[in-house]
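Report on the following structure.
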Amino acid sequence: MASNPIADIFRIRDLRERVLFTLAMLAIYRLGATIPIPGININALRLYFMTQAGSGVSVTDYLDFFAGGAFSRFSIFMLGIMPYISMSIIMQLLLLVFPSLKKISEEEGGRKKIQNYTRYGTVGVALIQSFAVTVYADSIPDAITISRGLYTFVSILSVTSGTLFLMWVGEQINQRGIGNGISLLIFAGIVARMPNAFWILIQSVRSGDLNPVFLLAVLGMFVGVVALVVYEQRGQRKIPVHYAKRVVGRRMYGAQNTYVPFKINPSGVIPVIFASSILTFPLQVAQGFGPEVRWLQRVAFWMRPDGNLYLFIYTVLIVFFAYFYTQVTLNPIEISKNIRENGGSIPGIRSEKMEEYFTRVLNRIILPGAIFLAFIAVIPSLVQRWFNFPMEVAFLMGGTSLLIMVGVDLDLMSQIEGHLRMHHHEGLTKRGRIKSRRSL
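The sequence shown begins at 91 in our numbering and counts up one residue at a time.
What follows is the structure, given as structure tokens:
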């Protein structure tokens, strides 16, 4: 009798505890997303955003989507985990710019020091963004129910503490749960928006605002894009490596043929998340201070998520981070050094040309992968323009949301399958293995 993989998950004590702990942490996150900042008038917020609805894709809609609805509620988790991601990008760039910082990261305990620097920097980024939130709230009629000075203090303290708590939750999921904690928090925020998005879709069809034929066409395109994303993330370029016979101590190891696997998209969804995070920071500042500063109003208008300038910069950033992150994680010099030290060689490639060969292969792989990511990322805007789709549904049909949902799901299933096979159970699939993609 074939075993049930879902039941097997809860039969294994260690895996069961990890899954339940992860679910508990995600439940706490979603609960916190509904708790407003002290001193905020919820009814005034609801009335304000109702009057703003139907005016196109605003910066608030974009920020609210990544926060799982927490931004429009002005909850303690309204910034989500984005300040941490922004600081992680800044730290990666600093490692390339400052050799002394790079040297620290390579020392014993260096990664822990860099992680601590990232945490401290997250506090600074969260303070700036939370202050912008206080200014933005002051521009909403009757939104603040306490004195302006007291609200500024309470808001900055609450929102910054909420971001730091989510950072801690992500780290706890990494240690005691299953899956990548930071990616799962973003995943949970996106999934939480799905019921409301589909309800809006149904209402649009009933009211006649959306043609059912267009709906079927977009749903078919959505299924095709999901299949393409899965297929592209599992694609690999295998570079053969031959190892000669060698003697280690008194033992002789025979010749071995293996390969170095390079994914078609080595960086996974990270370029899209990085590009979104980089654009989110100035957008949030412009949204917060825009009512007070005229030139920031123009910045917020030109950089609106459905604008041509935003889409162009977004695409360029995706391609840039695809190259940047791949060079950080897949260093051709280090790969070649490891192969040579173990007596390996690539057929038809001279030993001193190995770095050049790996660099050429990676450059040829990264460009089409980055273009594919950029195409998927701009799908929501194109769908909304061509088919007059509701914004909430268009964001779910592609872009960052689709890439994150597929990527995190593959990574999570891969880790669960690894635990099942380690305890001599069948995996989640009857044939083959689930190949994960790189997460945050």
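Each residue gets a CB set at the ideal place from its N, CA and C atoms; glycine is no exception.
As the structure is a computational prediction, the values presented were derived from the model and not from experiment.
Cutoff 6 Å; reference residue i; Cβ partners in own chain excluding five residues on either side
i: Phe364; result: Ile179, Phe411
i: Leu399; result: Trp392
i: Gly459; result: Ile354, Asn355
i: Trp359; result: Per the sequence shown, residue 359 should be read as Val rather than Trp. Closer than 6 Å at Cβ, skipping near neighbours: Leu493, Ile494, Gly497.
i: Ser176; result: Val215, Ser367, Phe371
Buried versus exposed call for residue i [16 or more other C-beta atoms within 10 Å across all chains shown]
i: Lys32; result: There is simply no residue 32 to check, as the chain begins at 91 and stops at 530 in what is shown.
i: Ala334; result: exposed
i: Ile292; result: exposed
i: Arg266; result: exposed
i: Leu373; result: buried
i: Asp232; result: exposed
i: Tyr546; result: A question about residue 546 goes unanswered here, because the residues of the chain that appear run from 91 up to 530.
i: Asn270; result: buried
i: Asp98; result: buried
i: Leu457; result: exposed
i: Asp104; result: exposed
i: Leu110; result: exposed
i: Gly505; result: In the sequence under discussion, the amino acid at residue 505 is Gln, which differs from the Gly named in the question. By the neighbour-count rule (16 or more Cβ atoms within 10 Å), Gln505 is buried.
i: Val303; result: exposed
i: Val33; result: No information on residue 33 is available, as it lies outside the stretch 91 to 530 that the chain covers here.
i: Met168; result: buried
i: Ala287; result: buried
i: Tyr210; result: exposed
i: Ile276; result: buried
i: Ile246; result: buried
i: Ala123; result: buried
i: Leu153; result: buried
i: Glu507; result: buried
According to DSSP, residues forming a beta bridge with residue i
i: Gln346; result: Tyr333
i: Gly434; result: Tyr333
i: Ile130; result: Ile234
i: Pro351; result: Lys328
i: Ser165; result: Pro126
Rounded Cβ spacing between residue i and residue j (contact assumed at less than 8 Å)
i: Val350; j: Val331; result: 6 Å
i: Leu256; j: Ile171; result: 5 Å
i: Val223; j: Thr250; result: Contact doesn't hold; Cβ gap of about 10 Å is too wide.
i: Ala278; j: Arg120; result: 6 Å
i: Ile268; j: Leu502; result: 7 Å
i: Ile166; j: Ile125; result: 5 Å
i: Gly159; j: Ala282; result: 6 Å
Sequence-distant residues of its chain with Cβ nearer than 7 Å to residue i (five each side left out)
i: Gln182; result: Val418
i: Phe164; result: Pro126, Ile127, Ile130, Leu135, Ala227
i: Leu416; result: Checking the displayed sequence, the identity of residue 416 turns out to be Thr instead of Leu. Excluding positions up to five away in sequence, the list reads Pro356, Ser357, Leu452, Ile456.
i: Ile408; result: Pro361, Val362, Ala365, Ala460, Leu463, Ala464, Ala467
Proximal residues to residue i (C-beta, below 8 Å), its chain only, five neighbours per side dropped
i: Arg430; result: Ser441, Met444
Any non-hydrogen atom of the ligand ZN closer than 6 Å to residue i Cβ
i: Phe155; result: Looking for the ligand ZN in the displayed structure turns up nothing, as the structure carries no ligands at all.
Three or more C-beta pairs below 8 Å linking the stretch 318-330 and the stretch 187-204: With the cut-off at 8 Å, the stretch 318-330 and the stretch 187-204 do not touch.
At least three beta-carbon pairs within less than 8 Å, the stretch 463-470 to the stretch 441-454: no
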